[in-house]
Structures are given as C-alpha cells and as structure tokens.
Amino acid sequence: TARSIAVLEQLSDVHSGGQEMVIHRTAVPAPSAACFLKVGPKKEVAECKEKFASSADPTVSQTFMLDRVFNPEGKSLPPMRGFKYSSWSPLGCDANGRCLLAALTMDNRLTIHANLNRLQWVQLVDLTEIYGERLYEASYRLSKADTPRGELGDFSEFQRRHSMQTPVRMEWSGICTTQQVKHNNECRDVGSVLLAVLFENGNIAVWQFQLPFLGKESITSCNTIESGINSPSVLSWWEYEHNNRKMSGLIVGSDFGPVKILPVNLKAVKGYFTLRQPVVLWQEMDQLPVHSIKCIPLYHPYQKCSCSLVVAARGPYVFWCLLLISKAGLNVHNSHVTGLHSLPIVSLTADKQNGTVYTCSSDGKVRQLIPIFTDVALKFEHQLIKLSEVFGSVRTHGIAVSPCGAYLAIITTEGMTNGLHPVNKNYQVQFVTLKTFEEAAAQLLESSVQNLFRQVDLTDLVRWKILKDKHIPQFLQEALDKKIESCGSTYFWRFKLFLLRILYQSMQKAPSEVMWRPSHEDAKILISDSPGMGSTEEDQEEGTSKQASKQSLCDAGKGMDIDDTADDSHPQSSDIGGREPMEEKLLEIQAQIEAVEMHLTREHMKRVLGEVYLHTWITENTSIPTRGVCDFLMSDDGYDDRTARVLIGHILKKMNKQTFPEHCSLCKEILPFTDRKQAVCSNGHIWLRCFLTYQSCQSLVYRRCLLHDSIARHPTPEDPEWIKRLLQGPCTFCDSPVF
Numbered sequence: 001t002a003r004s005i006a007v008l009e010q011l012s013d014v015h016s017g018g019q020e021m022v023i024h025r026t027a028v029p030a031p032s033a034a035c036f037l038k039v040g041p042k043k044e045v046a047e048c049k050e051k052f053a054s055s056a057d058p059t060v061s062q063t064f065m066l067d068r069v070f071n072p073e074g075k076s077l078p079p080m081r082g083f084k085y086s087s088w089s090p091l092g093c094d095a096n097g098r099c100l101l102a103a104l105t106m107d108n109r110l111t112i113h114a115n116l117n118r119l120q121w122v123q124l125v126d127l128t129e130i131y132g133e134r135l136y137e138a139s140y141r142l143s144k145a146d147t148p149r150g151e152l153g154d155f156s157e158f159q160r161r162h163s164m165q166t167p168v169r170m171e172w173s174g175i176c177t178t179q180q181v182k183h184n185n186e187c188r189d190v191g192s193v194l195l196a197v198l199f200e201n202g203n204i205a206v207w208q209f210q211l212p213f214l215g216k217e218s219i220t221s222c223n224t225i226e227s228g229i230n231s232p233s234v235l236s237w238w239e240y241e242h243n244n245r246k247m248s249g250l251i252v253g254s255d256f257g258p259v260k261i262l263p264v265n266l267k268a269v270k271g272y273f274t275l276r277q278p279v280v281l282w283q284e285m286d287q288l289p290v291h292s293i294k295c296i297p298l299y300h301p302y303q304k305c306s307c308s309l310v311v312a313a314r315g316p317y318v319f320w321c322l323l324l325i326s327k328a329g330l331n332v333h334n335s336h337v338t339g340l341h342s343l344p345i346v347s348l349t350a351d352k353q354n355g356t357v358y359t360c361s362s363d364g365k366v367r368q369l370i371p372i373f374t375d376v377a378l379k380f381e382h383q384l385i386k387l388s389e390v391f392g393s394v395r396t397h398g399i400a401v402s403p404c405g406a407y408l409a410i411i412t413t414e415g416m417t418n419g420l421h422p423v424n425k426n427y428q429v430q431f432v433t434l435k436t437f438e439e440a441a442a443q444l445l446e447s448s449v450q451n452l453f454r455q456v457d458l459t460d461l462v463r464w465k466i467l468k469d470k471h472i473p474q475f476l477q478e479a480l481d482k483k484i485e486s487c488g489s490t491y492f493w494r495f496k497l498f499l500l501r502i503l504y505q506s507m508q509k510a511p512s513e514v515m516w517r518p519s520h521e522d523a524k525i526l527i528s529d530s531p532g533m534g535s536t537e538e539d540q541e542e543g544t545s546k547q548a549s550k551q552s553l554c555d556a557g558k559g560m561d562i563d564d565t566a567d568d569s570h571p572q573s574s575d576i577g578g579r580e581p582m583e584e585k586l587l588e589i590q591a592q593i594e595a596v597e598m599h600l601t602r603e604h605m606k607r608v609l610g611e612v613y614l615h616t617w618i619t620e621n622t623s624i625p626t627r628g629v630c631d632f633l634m635s636d637d638g639y640d641d642r643t644a645r646v647l648i649g650h651i652l653k654k655m656n657k658q659t660f661p662e663h664c665s666l667c668k669e670i671l672p673f674t675d676r677k678q679a680v681c682s683n684g685h686i687w688l689r690c691f692l693t694y695q696s697c698q699s700l701v702y703r704r705c706l707l708h709d710s711i712a713r714h715p716t717p718e719d720p721e722w723i724k725r726l727l728q729g730p731c732t733f734c735d736s737p738v739f
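Quick note: the sequence shown uses full-length UniProt numbering, first residue 1, plus one each step.
Printed below as a string of structure tokens:
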C-alpha cells in the first residue's frame with residue numbers, strides 16, 4: 001500500500017474454539033525519507049541537476065523535471081511514498097528459520113526485512129545503497145575492460161547511471177547447500193540463497209547471501225549479468241532437477257513481448273549447473289507486455305522424467321512453455337492459451353503442488369487452468385470461478401494461492417451497481433477455499449514435508465471441520481492410526497495431538513460472559529464505612545440509604561433468579577444429567593492429549609541423549625541434565641523401549657557414576673529433574689525448563705513457541721555447536737518456530 005506492506009500470517013490456533021480463520025497482522029512501514037540513487041559526488045550531482053532543470057533545451061529540462069527517478073522528493077509533485085513490489089524468500093533464511101521479505105519502494109529503494117521478534121519487522125540491509133557504492137567505486141563500469149563513458153554533466157550519461165541501478169523486479173532462488181572446510185579440516189554444510197534484481201537497462205544483479213541472513217556481513221558476492229533485453233518488465237528463477245543435478249537460470253520478460261532464459265554462472269557455488277547459452281522462449285516483438293512469470297516443476301508421466309512448466313501472462317493470454325531435458329538436449333514446447341479473459345490479466349499465481357494456474361482480470365473473473373500431459377507436450381483445461389456468486393459485484397486487483405493450495409487470497413473493491421461506479425474504493429483481502437476437508441486431510445497424511453507449521457493452510461481446513469462437527473471423522477482417525485502403526489514417525493503423532501487438541505476445544509462450552517468484562521458480584525465497601533475515615537451523620541444516612549437500595553435490588557434479582565430456576569427445574573436436571581458424560585468425554589480427551597505429549601517428549605529426550613552421547617567425552621560435564629533425563633525416561637515401569645535402555649546404558653557407562661546435577665542460581669540448591677516443564681528446588685524457587693534441551697531457564701529472558709506450547713532458552717556463547725543446533729529446532733508438539 002502507500003503507507004506500508006501489510007503482512008497477514010495465517011495461524012492454526014489450537015487454543016481457540018472459534019471457527020473463524022485466525023490471522024496475525026504485522027506491517028513493514030514505508031521509509032519517510034526519499035531515496036536518491038548514487039550517480040556521483042554530491043556536489044557534482046547537485047550542480048548537474050540545477051544545470052538540467054534550467055536548460056534552454058526543453059527535451060532536457062522537461063524530461064529531467066518530469067522523471068521521478070531523478071526527482072523522488074517531488075517538490076510540487078506528490079511524494080513517491082509507498083511500495084510497488086515485494087518478494088518472499090524460501091523458508092529457512094532468517095535467524096528463526098523463517099522467510100525474509102525483499103521490498104521495493106516507489107522511489108526505487110530495495111531493502112530486506114526480517115520478522116525477528118514476531119511483532120515487528122526489522123530492516124537488515126539496504127541493497128540500493130550498497131549497489132550504488134559498488135558502481136561508484138567501479139566508475140560505473142561493469143568490468144575493467146569496459147571503456148570509460150562520458151562525464152556526469154552529459155544528460156545521456158546522467159540517465160545511464162540512473163537506469164543501471166533502478167530496480168524493476170527482484171526474485172529469490174531456492175536454497176543452495178555447499179560444504180565449507182573449517183580450520184581443523186572438518187566439513188560443515190553452509191546454506192546460501194540468491195536474490196536476482198532486474199534493472200531498468202536490462203542488467204541483472206545476482207546477490208549471494210550466506211544463511212542465516214543477519215545483515216551486510218552475510219553478503220557473499222554480487223555479480224552483474226547483461227540480459228540484452230530492452231524495456232524489461234518481469235523476472236523469475238528457472239530451477240530444474242535432472243539426474244540429481246540441479247540446474248538454474250533466469251527467465252526475463254519484456255514490455256515488447258520477448259521471453260528468454262539466461263544462464264547464471266556462479267563459480268563459488270558447488271553442485272550448481274546452468275545453461276551454456278541463453279534460450280529464447282518467445283522472440284516475437286508483438287507489443288504484448290509480459291506481466292508475470294511462474295516456473296512450476298512437474299513430472300512427465302509419458303516421458304518418465306521431470307520437466308519444467310513456465311507460464312506467463314501476456315495481455316489477456318497465458319503463454320506457456322514446457323522444458324524437458326532428453327538425450328537429444330533441451331526440448332522446448334510453447335504455445336498460448338486464448339479465450340480466458342476479455343480484459344488484460346492483472347495477476348497470475350500457481351499452485352506448485354499440482355501445477356494448477358490461476359489468473360484474474362479486473363472485471364472480477366478468475367480462471368483455473370489445470371495442465372494435462374499429452375504424448376508430445378500438454379494442454380490446459382480451464383474453468384471460470386465466479387466471484388460474483390460469493391462476493392457480489394467486485395473488481396479484482398490481485399490473487400495469490402497459499403503454499404499448499406488450500407486457499408486463494410483475492411484483493412477486491414466494489415464493482416458497478418446499477419451501471420454506476422462506486423464513489424469510494426474500499427480494498428479488501430478475501431479468502432476462498434480451493435480444497436475440501438477430505439482433500440486437505442489426505443494431503444496431510446501423504447505429505448513429504450512432515451511439518452504441520454509449513455502446511456498451516458491445510459491444517460486450518462481440518463481445524464474448521466472438527467470445530468464445526470465436534471468430532472474427528474472416522475476415516476481420518478483410522479488412516480492416522482494405521483500410519484502411526486506402520487511408520488511411527490513423530491510427524492503423525494504431532495498430527496494426532498493437533499486433532500485431539502482441536503476436538504477438546506470443540507467440546508468446551510463457550511463462556512456466557514465476555515472474558516474482559518468485570519464481574520459485579522464482588523462486595524463493595526463504602527468509603528464512609530472504612531476505618532480511620534471521619535464522616536458526618538448526613539453522609540452516614542446517605543450511605544445507609546444507598547446501601548439499602550442496593551440490597552433491595554440484589555434481593556429482587558435473587559428473587560427473579562429463584563423464580564426462573566423454579567420454572568426451569570426440569571430442563572436443568574436433564575442438563576446436569578447430560579453434562580456428566582460431556583465432562584467424562586473431556587477428561588478422556590485430556591488423558592489422550594497428555595499421553596501423546598508424553599510420547600513426543602520421550603522421543604525428543606532420546607534424540608537429546610543421542611546428541612549427548614555422540615558429542616561428549618568420558619565424565620564430561622555438559623549443561624544438559626543428562627542423569628535427570630535418563631532417570632525420568634526410566635521412571636515409568638510401563639515404558640519399555642529397548643533403544644532407550646541401550647542408549648541410557650551407554651551414557652551412564654560414559655558418565656562413570658557422575659551425576660552433574662543442576663543448581664538453583666538463587667540459593668545454590670540442587671534442582672531435581674521430576675517434571676519436563678519446570679524445575680523446583682527445595683526452597684520453592686521455580687524455573688521453567690527448555691523443551692529443546694531440558695535445561696532450566698534461569699534467566700528473565702527466554703523464547704516461546706509461536707502457538708505458546710513451550711518455552712526455550714537463548715543460546716549462549718559458551719554453548720558448543722551441537723547444543724546450538726538443538727536450540728535451533730522447532731516446537732516438538734506443533735512444529736512452530738520459536739521466538
């Protein structure tokens with residue numbers, strides 16, 4: 001928007017009994033100061049601007065005065081405040097393992113933001129400023145072999161320097177994993193991500209960032225590619241996997257019509273391959289501007305290999321291109337889908353799970369395109385989604401599909417009423433379900449992701465269905481139990497815990513009064529009656545009369561309650577009779593929840609003990625209460641896990657009768673390990689336990705799971721790498737990140 005980027009985060013809240021979609025909203029505010037691109041020394045730039053503004057040549061003075069890239073502050077023109085584009089990084093790029101947000105303002109400032117404490121977005125780096133400094137140091141040449149251009153006082157050179165650093169679009173690549181050799185010859189996996197920035201003159205800057213991205217110090221390199229495309233409009237990464245080799249490139253579209261893939265040569269990234277030369281997907285200059293491009297990885301059922309589907313919006317048409325690598329080389333099949341919209345397509349999005357493409361035009365029509373493979377290439381089946389049947393007459397401005405394809409988000413304004421346009425425009429974000437509950441449940445059971453947090457749109461549909469029907473469907477219960485028996489993965493146990501928690505919330509009786517409203521049943525003491533306060537006889541009489549009137553009102557109220565209860569005696573007795581089975585049902589569900597939580601706790605304890613065994617020497621004291629965790633695991637006679645017993649036997653042998661107990665930081669007493677959630681010393685001091693390492697959090701600052709399931713401590717500089725790695729994990733109950 002003109003003021004900020006509004007970020008709407010969908011939550012599948014297990015602590016709420018409401019059926020409505022739960023959305024957590026935050027905002028990235030637009031910077032108040034205007035952005036000036038660095039094209040030379042400040043004094044020289046100011047002199048040149050004054051010279052161009054007062055030039056006798058109208059082609060120079062008017063071009064300069066009306067170009068908002070040269071004059072972002074506007075003066076007499078309205079300020080260029082707000083955002084024109086934003087792009088999400090893949091999951092796992094920031095310090096919390098979540099997404100980074102690249103934002104491009106109206107005055108061409110490109111910044112990267114992170115949501116580090118969940119309630120606030122923090123700007124990590126200003127790439128426009130850094131890129132401008134790099135160009136300034138290189139004298140605005142891309143390589144040393146380039147011949148020097150003219151002086152800044154030349155208007156064409158002034159335009160060129162602005163054009164080569166005015167961003168048009170930016171897109172993130174997938175995460176690349178490389179191995180880094182440490183000083184002791186150990187190898188560790190280092191993640192990196194690429195951000196491609198398309199500039200007005202056709203150049204593309206490819207930034208490489210080391211993960212987790214923390215700021216300027218995480219920038220590894222920046223390479224500039226010349227695309228050779230005039231008037232570029234849109235950019236997308238092409239990522240293709242063939243015979244376990246990942247290939248990559250950049251798809252660039254133009255306002256004049258052409259689309260092509262450019263190779264991206266990166267010497268620093270191992271295991272990374274690209275094209276030998278550019279591949280033209282569409283070459284005709286037909287004046288149909290390319291609006292948006294999506295690249296979808298698919299599996300070809302006839303060729304028995306992976307393929308890549310590229311779709312792009314060009315005017316009212318959808319351009320598609322199927323890329324397939326065979327023994328003969330790269331096969332390219334392309335065509336257009338026509339007859340979709342009568343107006344130009346304003347937004348295009350794709351569900352990468354099944355390849356379904358969604359397009360919309362401004363007249364409120366949304367089309368769903370389903371790719372169907374043929375022997376040679378593919379064809380599309382398309383159907384119309386009529387928003388007018390759901391929202392009435394609306395105009396659409398943009399669409400986006402949720403990560404697992406459960407919801408379609410649509411930005412709408414009011415449409416025409418009785419042939420008249422609305423006086424005011426109210427922009428709204430609407431959500432439409434694209435999957436049924438059965439489809440969402442089946443996708444969760446067969447998921448390769450095995451993470452509930454990453455499939456929050458699917459779990460929200462399941463949550464809504466259970467809250468609505470107040471029971472878990474039999475087919476889902478049986479399928480989940482079968483998965484747990486055959487596989488035993490903790491993902492299915494977490495899914496079971498999620499279902500039980502939602503079922504428990506659906507059984508809960510909604511409070512009759514609003515929780516925040518104060519109760520009026522508390523006895524009120526008049527100031528005149530309080531001891532040590534002097535009062536006159538008139539005040540006492542007035543106080544007595546007020547008290548009497550209040551008493552009579554209370555009696556009247558009680559009398560009404562007695563009458564009401566006397567009249568409704570029979571229904572109330574039946575209600576009490578029906579309430580007991582409900583309470584028994586709640587107690588039964590609560591017992592199941594505790595049993596599943598205990599199973600997940602034990603499984604994570606085994607993992608922690610495995611890390612302790614692998615990374616410690618004989619009689620080495622770690623900050624993890626190893627002996628306490630071992631005793632807690634073996635304290636239940638009904639728990640018979642041979643793997644746990646063998647692991648504990650090895651650990652106790654390595655500890656050599658040492659116990660290494662934790663001590664209370666307030667009184668130095670021993671903290672026994674009797675509870676997985678908290679530690680209590682003999683003097684009654686209570687400390688919460690970290691659910692990732694089971695250490696007591698003896699500080700005032702700690703982290704908490706997104707759904708408030710558990711708490712975790714912050715890593716300290718003294719912690720070894722394996723403990724820091726444990727502390728980076730998600731919640732063991734709901735897969736949510738920890739803040």
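Positions of the beta carbon are idealized from the N, C-alpha and C atoms, including for glycine.
G215 counts as exposed, since fewer than 16 other beta carbons sit within 10 angstroms of its beta carbon.
Around A2, the same chain offers R81 and G82 as residues with beta carbons nearer than 7 Å, after the five sequence neighbours per side are excluded. Only residues of its own chain outside the window of five on either side were considered, and among them F673 have a CB closer than 8 Å to the CB of D631, listed in chain order.
Nearest C-alpha to M170 among I723, A102 and G97: A102. Scanning M106, Y131, P148 and G191 for the CA closest to the CA of V168 turns up M106. DSSP places Q159 outside any beta strand (DSSP E); the residue lies instead in the alpha helix (DSSP H), whose first and last residues are F155 to S163. In terms of Cβ geometry, A441 and V456 do not form a close pair [threshold 7 Å].
In the pairwise beta carbon analysis, the region 124–143 is classified as not touching the region 228–240: fewer than three pairs are separated by under 8 Å.
With respect to the 7 Å criterion, L688 and V596 are not classified as neighbours on the basis of their beta carbons. Put simply, the backbone Cα of G398 is about 8 Å away from that of T412. For S362, the closest of R395, S736 and Q383 by C-alpha to C-alpha distance is R395.
By the neighbour-count criterion, in which a residue is buried when 16 or more other Cβ atoms sit within 10 angstroms of its Cβ, D67 is exposed.
By the Cβ-count criterion, T338 is exposed, with fewer than 16 other Cβ atoms from all chains shown falling within 10 Å of its own Cβ. Taking each of V22, A30, A6 and M507 in turn and checking the Cα distance to S12, the smallest one comes out for V22. Residue state for Q592 is assigned as helix, using DSSP reduced to three classes. W207: not part of any alpha helix (DSSP H); member of the beta strand (DSSP E) spanning N203 to Q210, first to last residue. Setting aside the 5 residues that flank it on each side, F70 is surrounded in the same chain by F64, each with a C-beta closer than 6 Å to its C-beta; the list follows chain order.
Here the C-alpha atom of R642 lies approximately 49 Å from the C-alpha atom of T274.
If you draw a straight line from the Cα of I410 to the Cα of K425, it is about 15 Å long.
With three or more CB-CB distances shorter than 8 Å, the region 282–297 counts as touching the region 306–313. Straight through space, the alpha carbons of E226 and S248 are spaced by roughly 17 Å. Counting C-beta atoms within 10 angstroms of its own C-beta, E662 has 16 or more neighbours from the protein chains shown and is therefore classed as buried.
Residue pairing by DSSP puts F380 in a beta bridge opposite P371. About 7 Å separates the beta carbon of H300 from that of L324, a gap short enough to meet the 8 Å contact definition.
Straight-line measurement puts the Cα of C360 at about 6 Å from the Cα of R367.
Residue burial annotation: R276 is exposed, with fewer than 16 other C-beta atoms found within 10 angstroms of its C-beta. With contact defined as three or more Cβ pairs closer than 8 Å, the region 718–729 and the region 488–507 are not in contact.
The alpha-carbon of P403 is positioned some 20 Å away from that of V14.
In this structure, DSSP gives A313 an extended state, which the three-state scheme calls strand. Note on geometry: alpha-carbon atoms of G228 and K144 lie some 19 Å from one another. According to the DSSP assignment, V122 belongs to the beta strand (DSSP E) that extends over V122 to D126. S156 and P79 have their C-alpha atoms roughly 25 Å apart. In the DSSP assignment, G628 falls within the unbroken alpha helix (DSSP H) covering T626 to M634.
Closest in alpha carbon position to L452, among L707, K653, Q287 and G392, is L707. Residue environment analysis places G202 among the buried positions, since at least 16 neighbouring C-beta atoms fall within 10 angstroms of its C-beta.
The C-alpha of H604 is placed about 24 Å away from the C-alpha of N656.
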